[in-house]
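Participant: One structure is given below, represented as structure tokens, and several questions about it will come after.
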Amino acid sequence: MKVAALVSGGKDSVFAMIECVRNGHEIVCLGNLHPEDQQIHELDSYCFQTVGHNVVPALSECMDLPMYRRPIQGTAVCQSLDYDRHDDDEVEDLFLLLSEVKTKHPDVEAVCTGAILSSYQKHR
Numbered sequence: 163m164k165v166a167a168l169v170s171g172g173k174d175s176v177f178a179m180i181e182c183v184r185n186g187h188e189i190v191c192l193g194n195l196h197p198e199d200q201q202i203h204e205l206d207s208y209c210f211q212t213v214g215h216n217v218v219p220a221l222s223e224c225m226d227l228p229m230y231r232r233p234i235q236g237t238a239v240c241q242s243l244d245y246d247r248h249d250d251d252e253v254e255d256l257f258l259l260l261s262e263v264k265t266k267h268p269d270v271e272a273v274c275t276g277a278i279l280s281s282y283q284k285h286r
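The sequence shown begins at 163 in our numbering and counts up one residue at a time.
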């Protein structure tokens with residue numbers, strides 16, 4: 163299966179990519195959401211880890227894969243476990259990122275992420 167891997171620069175997203183490949187999937191591109199102000203390392207985000215965003219381009223270079231990045235412009239407007247769409251929510255930034263990925267890689271069938279134990283992130 164062709165996969166887009168969401169990477170934060172942290173160990174969990176890297177480990178998730180390793181497991182993805184070990185299970186026979188092909189990572190075709192990387193995606194990352196980062197702070198709008200590149201000088202900020204960690205946002206107070208309910209859903210996204212941004213510390214390490216400055217090393218993410220190196221992953222793309224090392225893996226020789228295209229990287230799609232988008233600034234996080236929204237905030238955690240909807241904080242319940244079940245997501246209700248809000249234009250200003252940070253989850254909409256992820257939707258826009260994945261929409262771009264799907265446009266450029268229509269063969270992508272899955273998304274790989276290191277957020278495996280968070281019910282909050284899983285339901286988004």
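Quick reminder that beta carbons are idealized off the backbone N, C-alpha and C, glycines included.
What residue does the beta strand (DSSP E) around Leu233 start on, and which one ends it?
Facilitator: Position check: residue 233 holds Pro in this sequence, whereas Leu was assumed. Where Pro233 is concerned, the enclosing beta strand (DSSP E) stretches over Met229 to Ile234.
Participant: Just to confirm before moving on: does the CB-CB distance between Ile189 and Val218 stay below 8 Å?
Facilitator: Their beta carbons are not under 8 Å apart, which means Ile189 does not touch Val218 by this criterion.
Participant: Between the alpha carbons of Asp226 and Cys191, how many angstroms are there, rounded?
Facilitator: When rounded, the distance between both Cα atoms is 9 Å.
Participant: To the nearest angstrom, report how far apart His187 and Leu259 are at their CA atoms.
Facilitator: Whole-angstrom Cα-Cα distance: 21 Å.
Participant: State the DSSP-derived secondary structure class of Pro197, mapped to helix, strand or coil.
Facilitator: Strand at Pro197.
Participant: Check for me: the beta strand (DSSP E) holding Val273 runs from which residue to which?
Facilitator: From DSSP, the beta strand (DSSP E) with Val273 extends over Ala272 to Cys274.
Participant: Need the endpoints of the beta strand (DSSP E) that Val350 sits in, please.
Facilitator: Nothing can be reported for residue 350, as the shown portion of the chain is limited to 163 through 286.
Participant: From Val169 to Phe177, what does the alpha carbon distance come to, in whole angstroms?
Facilitator: Val169 and Phe177: Cα-Cα distance of roughly 10 Å.
Participant: Taking the C-alpha atoms as reference points, what is the distance between Val273 and Ala220?
Facilitator: Cα to Cα, the separation comes out at about 20 Å.
Participant: Grab me the residues of Arg232's own chain with a C-beta within less than 7 Å of its C-beta, minus the 5 sequence neighbours each way, in chain order.
Facilitator: Cβ within range, chain order: Leu195, Asp255, Leu258 and Leu259.
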